[in-house]
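In the UniProt record's numbering, the protein residues as written are 1 to 179.
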């Protein structure tokens, strides 16, 4: 199963680790083939973008995957980690996924029903999932990743990064649905 994670850091590149959770137990994921590209620019600082694959046996043994930057400041790492549910990961990689990207909604964005720092996009009738950058959540008002405080101010997310509107469905975000 394919997964992509990214992280930005001001001073030094922050390596990324993948963690799996099953209930309350969190463990590092092993057997993952991950390739990372490190870049620097004056505006964002350091960025690390990793893409890789996770064996089906690993995915079947967890509920959720956390993409976490390795930072000295653990509270900052907590704020910037991105979580991807097993269902999302399976849906991104399975042609028989129960979520279909309608032809009329190609190149459109969807908010994640659970996590504020995750968004989904339909391209060529396939669903792709990605995390927002450091310090941002996906805004249903702007249909883009925006500053955390702005999104919390929209009353769509709480300070823990969870969507306030419950449910299990991804919500289409376009001009007609912007709040």
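In this text, a Cβ means the ideal position worked out from N, Cα and C, and glycines have one as well.
Problem set entry | Spatial distance of residue 75 from residue 129 (CA atoms) | The residue labelled residue 75 in the question sits at position 75 within the chain shown. The residue labelled residue 129 in the question sits at position 129 within the chain shown. Taking the straight line from one Cα to the other gives about 25 angstroms.
Exercise. Grouping DSSP H, G and I as helix and E and B as strand, with all else coil, what is residue 105?
Worked result: Here residue 105 refers to the residue found at position 105 of the chain shown. The answer is helix: DSSP assigns residue 105 an H, G or I state.
Exercise. DSSP state of residue 153, grouped into three classes?
Worked result: The count along the chain shown starts at 1 and reaches residue 153 at position 153. In this structure, residue 153 counts as helix in the three-state DSSP scheme.
Problem set entry | 6 angstroms CB neighbourhood of residue 117 in its chain, flanking five on each side removed | Here residue 117 refers to the residue found at position 117 of the chain shown. Hits under 6 angstroms: 82, 131, 132, 137 and 161.
For this session: Counting only the same chain and skipping the five closest in sequence on each side, list residues whose C-beta sits under 7 angstroms from that of residue 17.
Result: As a first step, residue 17 must be located in the chain shown, where it is residue number 17. So the qualifying residues of the chain are 28, 68 and 70.
Exercise. Where does residue 140 fall in DSSP's three states?
Worked result: Taking the first residue of the chain shown as 1, we reach residue 140 at position 140. Coil.
Problem set entry | Simplified DSSP state of residue 76, which is helix, strand or coil | Locating residue 76 in the chain shown gives position 76, where the first residue counts as 1. In the structure shown, residue 76 sits in a helix (DSSP, three-state: H, G or I).
For this session: Please report how far the alpha carbon of residue 214 lies from the alpha carbon of residue 5, in whole angstroms.
Result: Summary: the structure shown does not reach residue 214, with the chain confined to residues 1 through 179, and so no result is reported for it.
For this session: Out of 33, 173, 122 and 80, state which residue places its alpha-carbon closest to the alpha-carbon of residue 111.
Result: The sequence position of residue 111 within the chain shown is 111, counting from 1. Looking at the Cα atoms, 173 is the closest of the given residues.
Problem set entry | Own chain, CB closer than 7 angstroms to residue 151, minus 5 neighbours either side, in chain order | Within the chain shown, residue 151 is the residue found at index 151, counting from 1. Closer than 7 angstroms at Cβ, skipping near neighbours: 116, 137, 139 and 157.
Exercise. According to DSSP, is residue 261 helix, strand or coil?
Worked result: Because residue 261 is not part of the residues shown, which for the chain are 1 to 179, the question remains open.
Exercise. Buried or exposed: residue 20, going by 16 or more other Cβ atoms within 10 Å of its Cβ?
Worked result: Numbered from its first residue, the chain shown carries residue 20 at position 20. When all chains shown are included, residue 20 counts as buried.
Exercise. How is the alpha helix (DSSP H) around residue 57 delimited, first residue to last?
Worked result: To locate residue 57, count along the chain shown from 1; it is residue 57. First-last of the alpha helix (DSSP H) with residue 57: 56-59.
Problem set entry | For residue 86, three-class secondary structure by DSSP | Residue mapping note: residue 86 aligns to position 86 of the chain shown, counting from 1. Residue state, collapsed to three classes: helix.
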